[in-house]
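K.L.:
The structure's right below; bear with me while I get my questions together.
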Ligand SMILES: [Zn+2]
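Residue numbers (this note's numbering): 1392 to 1537.
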């Protein structure tokens, strides 16, 4: 069965990057999410295809969580959101991943998880230049902590 994150891992291993690649962390990869309705929204996923966080050895769970927090800290430094949302779902794409979503002061949907905002609204496309700028900024802060 094909997996969107395994496809990205293959591409990263083959070329050293992928279209939305931000960084390789100790236990995961970080990419800029396609929809940028929430400026700086990123996705972090494990380096191999694992589906159940609770079935991983405890140390690996903690190490992954440490990566999640590093990514969130970098997003926070760059975009200065009011809050950060973390979502680890896996209902559709089973490969373990987190949505790391900055939420801003003027957010009209504060009480709602992002999924309740229609996808067509969330899928804000940004220019290639703006995308690369966001990727570079987040990458810079992620690499500072190394
Ligand atoms: Zn996978």
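All C-beta atoms, glycine included, are put in the ideal place defined by N, C-alpha and C.
Please report the straight-line C-alpha distance between residue 1447 and residue 1454, rounded to a whole angstrom.
P.N.:
When rounded, the distance between both Cα atoms is 11 Å.
K.L.:
For residue 1396, is the beta carbon positioned less than 6 Å from some heavy atom of ligand 1?
P.N.:
Yes, the beta carbon of residue 1396 sits closer than 6 Å to at least one heavy atom of ligand 1.
K.L.:
Find out if the Cβ-Cβ distance for the pair residue 1396, residue 1490 is shorter than 7 Å.
P.N.:
No. Outside cutoff.
K.L.:
Which ranges would you report for the beta strand (DSSP E) in the segment 1410 to 1437 if only whole runs of at least 3 residues count?
P.N.:
Segments of the beta strand (DSSP E) lying fully in the segment 1410 to 1437: 1412 to 1415, 1419 to 1423 and 1433 to 1437.
K.L.:
Helix, strand or coil: which one does DSSP assign to residue 1478?
P.N.:
Three-state result, residue 1478: strand.
K.L.:
Taking the C-alpha atoms as reference points, what is the distance between residue 1436 and residue 1483?
P.N.:
Looking at the two C-alpha atoms, the distance is approximately 14 Å.
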